[in-house]
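**Q** Numbering (full-length UniProt numbering), first residue to last: 1 to 614. Structure in C-alpha cells, see below.
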Amino acid sequence: MTSRIEDYALIGDCETAALVCRDGSIDWLCLPRFDSSAVFAALLGDEENGRWRINPSEEYEVSRRYRPGTLVLETEYRTKTGRATIIDFMPPRDGVSDIMRIVVGEEGTVEFDFDLVMRFDYGRSVPWVDRIDDHTLTAVAGPNLLVLHTPVDLHGEDMHTKGCFTVSAGERLGFSLTHNASHLPPPAPRDAEACLKDTEAFWIEFSSRCPEIDGFTEDVRRSIITLKALTFRPTGGIVAAPTTSLPEEIGGKRNWDYRYCWLRDATLTLMAFMDLGYYEEAEAWREWLMRSVAGNPAQMQIMYGVAGERELVEWEIPWLKGFRESAPVRVGNAAAGQHQLDIFGEVADMLMQARKGGLAAHPRTGALGRTVIPYLEQIWRQPDSGIWEVRGGPRHFVHSKVMAWVAFDRAARMAEDMNDDGNYTELVERWRAEADAVHAEVCEQGFDAGLGSFVQSYGAKVVDASLLFIPLTGFLPIDDERVEGTIALIEKKLLKDGFVLRYDTDETDDGVEGSEGAFLACSLWLADIYIMQERFDEARTLFERVRAVQNDVGLLAEEYDPKEGVMLGNFPQAFSHLALIVTALNLSRAVGPAQKRADGKEEESETPLSEMPR
Ligand SMILES: OC[C@H]1O[C@H](O[C@H]2O[C@H](CO)[C@@H](O)[C@H](O)[C@H]2O)[C@H](O)[C@@H](O)[C@@H]1O
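Next up, the structure:
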C-alpha cells in the first residue's frame, strides 16, 4: 500500500470500526469487535489481504467530509464525465454488523470499478463464496459469515468479487456487507436509505450535546465523535485506537496493538467527556472499570480487552508485511503485564472529578479505595515501566511517582469530603502522610540541581515530556522555580521542529530500536502549560500547529513527523483527540481543565455543572 495514514477516514458502529481510504478502498476492518481478527487487512499488507474498493474507472479528483455532526462519510469524485459521491457508514450495532456504501450520481455519469477481496484471519483465509441470487453473495470461513447485497452485477475473478457499473445524476445505488456468525442463517438485507437516516440521527443526537467552544467547536465535536466511535457500547470500554501496528517510524519496529482499553487513555478520555458534559459515557466507563478490576483490585492491570479480558498475549503476524513495510505487525500487547504506577493516579483523579462533576458515588468506590490505595502504599517505592511503557526494564520514573502522589492526594481529599462524622479521619491522615512521603522523595531524588530541572527517572540526566504533569496535576505550582527550569529544559531538548517529543530516543533506552515522531498529546500538554504560565500567544500558536496536522476530516494519529509532514502511529488515537479537547477548553474557558485539575477550582464553563446531565 502506498497510502499515507492521513488518507484514511473512520467509520464505525460502536463495536468495531473501519478505515476508508480517499481512493474508495476500505482497507481495515475487524469483525465482530475492535480486537477481533481483520477481514480487510490491506492497510498492513496489500490488496490480497482483504479490502473493498469502489472507485471511478477513469482519472478523478476527490474531496471528502463527514456529514456535519456525524460519522457518516461522504467522498466526492469528479471525472471528465460527471460527479458522484460515495456515502460510507456503519449503522450503530443492533445485533449484526453492517457496512453500507451508497453511490450517488450527482452530475452527468460516472463509471465505477468494484473490487471486493474478503480475507478472514488478518488477511489470510480465503472464504467459500456462494451466489444466493443475482443480488446476494455469501462468504464463509470458520466462525465468520459475510453477506453482500449488491444492486449491480458482479462476478468472481482470481478470488476477487468484481464488477463495473455506471451511476447517472439522481441515481442512488446501495451496497451492504453484513457480518454474522457462520452457523446462523444469513441476515435479511436492510434498507440502506433507512439505515442512513437512523445512523445520522444517532450521531446528531450524540454530537448536539457538545457545547460551543469558542472558535474550536468543530474540532472538539469531531474529537468527541471519534472518542465515542472508539467506545465499545455494550460494555463502556474505550479502545486507545482501532488499529494495530501503524508504525511510529516508517519501516521501523515500533508497531503496537492499540485495540484495547488502557486505564490511562480511557480515564483521560472520560475526563474529556465529563468536561464536555457527557456524564452518561462517564458512568458507563466507570461501570466497565469496576467490573474489569473486580475480584482483587490489587491485581489491577494497566489494560484490558473491551469486555475486561485480561489475557492480551502479544504475537506477530508473519504474513503481513506491515504498513509501508514496517514489520512486525503485532496482535496483543505485552505491556498488559507491566507495572505502571501512574494508572492509580489517573483512576483516582477521574473518580474525584466524577464526584466533583456531580456523578453519584459508585457503591464500590469505597471498596476500590480501601484495596487499591493500601496496595499502592506497598508498591510505590518500586520501579516501573512508566507512562511510555518502555521495554528497557523498570526504572524509578518521576512521572509515575508524581501520579502515585496524585492517587494518595485524591484519595485523601475524597476521604476528607466524606468525613463529616469523623469516621475517615484516620484514612485522611494516613493517605495525606503517604502523599507527603512521595512528594518529598520526588523532590529529593527526581530533581537534578545541576540541570535545574526534574528528570525522567531518579538519577537520570534527561528530561521527558511527562514531567509536564508536575504542574498539570498540582504536584507543584506553575511558578515554582524547579517547574520553570523543567519546562525550559523540555523546550530546549524536546521541542523539535515545532512539536514535542515524549523523550529523546537516542538518550533513553526504551528497549526498542529506531526512533519515532513527535507525540501529538505532548505538544498539546505544553500548550496547556503555556496557558497556565499565561503565555497565551505561544499556547495558541502551538495549538494551531497541532490543529493543522488534522487530516481533511479532522482526525489525528498518535504521532507526527514534521520533517516529512506525515502522521505516524495508530489512527485515530484517543490520546491525541482527548488532549486536543482539553487544550481547546483551556484556551476558551477562563478556568479550563488544566487549571481545575491542578488547583481544584470549579470550572467556569458554558454549561454550569449543576445543569449537566447526571
Ligand atoms: O512506544 C512504546 C509503547 O507504545 C505503546 O504505548 C503507547 O500507547 C498507549 C496507548 O495509547 C499509551 O497509553 C502509552 O502511554 C503509549 O506509550 C504500546 O502499547 C506499548 O506496548 C509500547 O511499549
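The beta-carbon is built from N, C-alpha and C at its ideal position, and this holds for glycine as well. Model, not experiment: these values are computed from the prediction.
Give me every residue whose Cβ sits closer than 6 angstroms to any heavy atom of ligand 1, in chain order.
**A** Selection output, chain order preserved: 240, 254, 256, 258, 262, 264, 265, 333, 335, 387, 388, 389, 391, 575.
**Q** Measuring CA to CA, which of 374, 122, 383, 468 is closest to residue 427?
**A** Residue 427 has its Cα closest to that of 374, out of 374, 122, 383, 468.
**Q** Which same chain residues end up closer than 8 angstroms to residue 559 when comparing Cβ atoms and leaving out the 5 residues on each side of it in sequence?
**A** Answer for residue 559: 248, 516, 517, 518, 519, 520, 567, 568, 569, listed in chain order.
**Q** Please go through the same chain and pick out, in chain order, the residues whose beta-carbon is closer than 6 angstroms to the beta-carbon of residue 324, but skip the five residues on each side of it.
**A** Same-chain partners within the cutoff: 250.
**Q** Leaving out five residues before and five after residue 464 in sequence, what residues of the same chain have Cβ atoms less than 6 angstroms from its Cβ?
**A** Taken in chain order, the residues that qualify are 456, 503.
**Q** What would DSSP say about residue 49, mapped onto helix, strand or coil?
**A** Of the three classes helix, strand and coil, the one that applies to residue 49 here is helix, per DSSP.
**Q** Fully enclosed by the region 395-482, which alpha helix (DSSP H) runs are 4 residues long or longer?
**A** Runs of the alpha helix (DSSP H) inside the region 395-482: 398-417, 425-445, 469-472.
**Q** Does the distance from the C-beta atom of residue 585 to that of residue 275 stay below 7 angstroms?
**A** Yes, these two residues count as a Cβ contact at 7 angstroms.
**Q** Return the CA-CA distance between residue 39 and residue 21, expressed in angstroms with no decimal places.
**A** For residue 39 and residue 21, the distance between alpha carbons rounds to 16 angstroms.
**Q** Secondary structure at residue 56, three-state DSSP: helix, strand or coil?
**A** Residue 56: strand per DSSP, three-state reduction.
**Q** For a test of the three-state rule: what should DSSP assign to residue 250, helix, strand or coil?
**A** Correct three-state label for residue 250: coil.
**Q** Please tell me whether residue 514 and residue 253 are closer than 7 angstroms, where the distance is taken between their beta carbons.
**A** Going by C-beta atoms, residue 514 is nearer than 7 angstroms to residue 253.
**Q** Is it the case that the Cβ atoms of residue 100 and residue 192 are separated by a distance below 7 angstroms?
**A** Cβ atoms of residue 100 and residue 192: closer than 7 angstroms.
**Q** Given this structure, state the Cα-to-Cα distance separating residue 524 from residue 138, to the nearest angstrom.
**A** Straight-line Cα distance between these residues: approximately 47 angstroms.
**Q** In its own chain, which residues sit with a C-beta less than 8 angstroms from the C-beta of residue 315, not counting the 5 before and 5 after it?
**A** So the qualifying residues of the chain are 330, 331, 332.
**Q** Going by Cα to Cα distance, which pick from 224, 382, 472, 511 is closest to residue 575?
**A** For residue 575, the nearest C-alpha among the options comes from 224.
**Q** Can you check whether the CB of residue 29 is closer than 7 angstroms to the CB of residue 42?
**A** Not in contact: residue 42 and residue 29 (Cβ atoms no closer than 7 angstroms).
**Q** Specify whether the region 96-115 and the region 51-59 touch according to this definition: at least 3 beta carbon pairs, one from each stretch, less than 8 angstroms apart.
**A** Enough Cβ pairs lie closer than 8 angstroms, so yes.
**Q** Counting only the same chain and skipping the five closest in sequence on each side, list residues whose C-beta sits under 6 angstroms from that of residue 171.
**A** Excluding positions up to five away in sequence, the list reads 105.
**Q** Among residues of its own chain, excluding the 5 on either side of residue 290, which ones have a beta-carbon nearer than 8 angstroms to its beta-carbon?
**A** Excluding positions up to five away in sequence, the list reads 362, 364, 368.
**Q** With three or more C-beta pairs closer than 8 angstroms as the rule, is the region 119-134 touching the region 67-79?
**A** At 8 angstroms Cβ cutoff, the stretches do not touch.
**Q** What would DSSP say about residue 16, mapped onto helix, strand or coil?
**A** Looking at residue 16 - three-state DSSP - the assignment turns out to be coil, as it is neither helix nor strand.
**Q** Ordered along the chain, which non-local residues of its own chain (more than five positions away) have a Cβ less than 7 angstroms from that of residue 283?
**A** Taken in chain order, the residues that qualify are 359.
**Q** Give the range of the alpha helix (DSSP H) segment to which residue 163 is assigned.
**A** Premise fails: residue 163 lies in the beta strand (DSSP E), 160-168, not in any alpha helix (DSSP H).
**Q** Let me know the secondary structure DSSP gives residue 262 once reduced to three states.
**A** Residue state, collapsed to three classes: strand.
**Q** Between 447, 419, 413, 421, which lies nearest to residue 434 when the distance is taken from Cα to Cα?
**A** Of the listed residues, the one whose Cα sits closest to residue 434 is 413.
**Q** Excluding the 5 residues flanking residue 350 on each side, which residues of the same chain have their C-beta closer than 7 angstroms to its C-beta?
**A** These residues qualify, in order along the chain: 267, 270, 271.
**Q** Assuming the contact rule is C-beta atoms closer than 8 angstroms, residue 528 and residue 582 should be a hit. Round their C-beta distance to whole Å, please.
**A** Sure, about 7 angstroms apart at Cβ, within 8 angstroms.
**Q** Can you find at least 3 beta carbon pairs, one from the region 403-413 and one from the region 430-448, that sit closer than 8 angstroms?
**A** Yes: at least three Cβ pairs fall under 8 angstroms.
**Q** Going by DSSP, which residues form a beta bridge with residue 149?
**A** For residue 149, which the question treats as bridged, DSSP gives the partners 136, 176.
**Q** Can you name the start and end residues of the beta strand (DSSP E) that residue 99 belongs to?
**A** Start and end: 97-117.
**Q** Taking DSSP's pairing of strands, which residues face residue 667 in a bridge?
**A** Outside the modelled stretch of the chain, which goes from 1 to 614, sits residue 667, for which no answer is possible.
**Q** Using 8 angstroms as the threshold, is the region 199-208 in touch with the region 232-244, meaning 3 or more CB pairs across them?
**A** Too few Cβ pairs lie closer than 8 angstroms, so no.
**Q** Do the CB positions of residue 93 and residue 15 come within less than 7 angstroms of each other?
**A** Yes.
**Q** Going by C-alpha to C-alpha distance, which of 233, 155, 151, 421 sits closest to residue 130?
**A** Among 233, 155, 151, 421, the Cα nearest to that of residue 130 is on 155.
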